[in-house]
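Inspection log for the structure reproduced underneath, given as structure tokens.
Protein chains in written order, with this note's numbering: chain Z, 20 to 197; chain W, 20 to 197; chain F, 20 to 197; chain H, 20 to 197.
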């Protein structure tokens, strides 16, 4: 995440954001990309391979900050396109309510969701994508897994920060927890 | 609603269904058809013009029974296509949870939702449609209204059975209640 | 479930209900009973031990039909009290929307949720209980488990009909899926 | 809102928070306090009378920042007790998902929700209260209204910042929009 290029309003240096991160929770959005069939059933879940805040290379879902002045819908589009490319054709949900809210803390014992950099409050959505997805920017790879595969302990082990729990929560919300 | 043709399993005569309707709640689905822009924002809501169970010709949303052995997803597709035609291209929601549940009773004072024929438990969903919608079967017309128009007292007056309340509940869920 | 005593309206013999069950989906409610602390966090999940429709003695959640003319809220209270006793003091949710909908079929391959007797459409709610719970009627025992225990494979094996999946879906909705 | 006393971590002067407010969205929680009957039905909605960010004295719902390191649950309790007193006995929701998310902007035309001080992303919950509520700190008065009264245009006119829309959205979520 290159914060300078992301900032629309005012100018927030790396130093400034480091200071703010020690003092206020930061608003994030997360998107679980899915492929759906005509009847709405989820056939595949998209997982990124990328460098995580904790220094690991891990499987992850789409994630990023909401910028000053930015609508949540626009933050979802921007972050999906950042990770899946500009041809992903995300179907942003019509309802503003996230299926869950995840709280990341520098101390992993607080909520089980861990971000060493900051306290982040993350609104999580399921985002069906209809277009062509290709790794872009910091994303190294995209894997499409069935719900069963996505729920497996093998995949969970490749995820960090608690994102495996978030992924299982999304699968439950979708009615496809095995 | 032609119950004979709708029945997949066993044979349920008009007489039989009349008997059952006095004894058990009937499962319905309802769908609020919407047009959405690329960022998921609802631009228009689709309202049918049709003959209602109470004998009026009214504005209404898509509604119909769930048949024996039928998945809710399939009931949604079938009923959307029944009312909007086979080219409507509905995006059936990925999550099985309805945004609300409406209880219709023969006695309108019980819940404010009224069906003189039966006690119906109706699972309500928002269904974006992407294709061409045209009145089919019992639908006389389809009107596309902005959320503001759909929420107006003029439109509410053209709806019966409590469906105006259901429509406003859908608009609230979508974050576009004026 | 003694259908005769449950029926409020008309008279529905065992024979009649057997006939109906082959022809129409039946409306159910299910309740996952939980103990919550002052900050709303779930400390324990209540699981019944009872005879199931498939003939097994299994761990289960509260479940029962919605009767003709009965509000869903009232069906929830009645079924919680049927299984947990009249002193359970359930906090029925203020919102009518279930956290998920489960579709039970005689053919277990349709949805993974299985009821050999019928096609049931079941609205599932989380219901905090504040009072004294004791087995009543068909319930043999009530066990209170932590969310971690409730999510374990040991507990899942003691559940049938797909209710272990429903339980995990509830835990996910509550943000306490391990 | 006295930001100094609210800040737990680090020290955030009035000047610092003014700077941050121009650069990052701030996380808020909002709570619609309700009285519910034994079957979960909402009998009354609680509205505060207080000084608002826009300088008016208006009807309002419970609202406040989430502090660094603070769980959303704890922010809800703290803000409910700040506005309704320490004997309010709020029932914090077991699920972390808000019923809606509201985006306040300095420019009222962006979303219709207005906060001249900042871009705030606010997670909105319905919070049943069981105890004694009395105005505390900045709250001048608390009024308990029926859902019908709360939805009236008279009450809407006494609310600012878009909170009347948020209140109607809550009523819709609760199934009690007239």
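Where a beta carbon is used, it is the ideal one built from N, C-alpha and C, also for glycine.
Asked, Found
"Unbroken beta strand (DSSP E) run spanning residue 129 of chain H, endpoints", "Where residue 129 of chain H is concerned, there is no enclosing beta strand (DSSP E), given that its DSSP letter is neither H nor E."
"Neighbour-count burial assignment, residue 151 of chain H, 16 or more Cβ in a 10 Å radius", "exposed"
"Segments of 3+ residues assigned as beta strand (DSSP E) that fall wholly inside the region 49–128 of chain H", "61–70, 76–79, 81–84 and 119–123"
"Spatial neighbours of residue 112 of chain F in its chain, beta-carbon cut-off 6 Å, leaving aside the 5 residues before and after", "144"
"Proximity test, Cβ basis, 7 Å: residue 187 of chain W and chain H", "yes"
"Straight-line Cα distance separating residue 82 of chain W from residue 130 of chain W", "18 Å"
"Touching by the beta-carbon criterion (3+ pairs, under 8 Å), the region 88–99 of chain W and the region 61–80 of chain W", "no"
"Rounded straight-line distance, which links the Cα of residue 176 of chain H to that of residue 168 of chain H", "12 Å"
"Contact the region 99–118 of chain Z vs the region 153–171 of chain H: 3+ CB pairs below 8 Å", "no"
"Cβ-based burial, residue 194 of chain F [other Cβ within 10 Å; buried from 16]", "buried"
"Contacts of residue 142 of chain F in chain W (Cβ-Cβ under 7 Å)", "120"
"Close-in-space but distant-in-sequence residues of the same chain around residue 153 of chain W (CB under 8 Å, 5 per side omitted)", "103, 104, 106 and 161"
"C-alpha distance - residue 66 of chain Z paired with residue 76 of chain Z, whole-angstrom precision", "13 Å"
"Own chain residues within Cβ distance below 7 Å of residue 149 of chain F, not counting five before or after", "108 and 110"
"Contact with chain Z by residue 103 of chain F, beta-carbon distance below 7 Å", "no"
"Residue-level contact to chain Z via CB, residue 139 of chain F, 7 Å cutoff", "no"
"C-beta atoms of residue 47 of chain H and residue 141 of chain H nearer than 7 Å", "yes"
"Any beta strand (DSSP E) of 3 or more consecutive residues that is wholly inside the region 149–183 of chain Z", "158–164"
"Cβ pair residue 50 of chain W, residue 99 of chain W closer than 7 Å", "yes"
"Buried versus exposed call for residue 74 of chain Z [16 or more other C-beta atoms within 10 Å across all chains shown]", "exposed"
"Where residue 192 of chain F sits in the DSSP three-state scheme", "helix"
"Separation of residue 184 of chain Z from residue 184 of chain F, as counted between CA atoms", "15 Å"
"Three-state class that DSSP yields for residue 43 of chain Z in the structure shown", "coil"
"Residue 29 of chain H versus residue 134 of chain Z - alpha carbon distance", "Confidence in residue 29 of chain H is poor, its pLDDT being 48 and thus under 50, which makes the residue's placement unreliable; the coordinate value appears in the next sentence. One C-alpha to the other measures close to 18 Å."
"Cβ neighbours of residue 58 of chain W in the same chain (closer than 8 Å, five flanking residues each side left out)", "none"
"Residue-chain proximity (residue 197 of chain W, chain Z), Cβ-Cβ < 7 Å", "no"
"Cα-Cα separation between residue 53 of chain Z and residue 60 of chain Z, rounded to whole angstroms", "10 Å"
"Neighbour flag for residue 23 of chain W against chain F, beta carbons, 7 Å", "Since pLDDT at residue 23 of chain W reaches only 39, below the 50 mark, its modelled position is unreliable, and no value is offered."
"Residue-chain proximity (residue 81 of chain F, chain W), Cβ-Cβ < 7 Å", "no"
"Within-7 Å CB hit, residue 61 of chain F to chain H", "yes"
"Between the CA atoms of residue 69 of chain Z and residue 97 of chain H - distance to the nearest angstrom", "38 Å"
"Per-residue burial, residue 156 of chain H [other beta carbons within 10 Å of its own, 16 or more giving buried]", "exposed"
"According to DSSP, residues forming a beta bridge with residue 141 of chain F", "F:47 and F:121"
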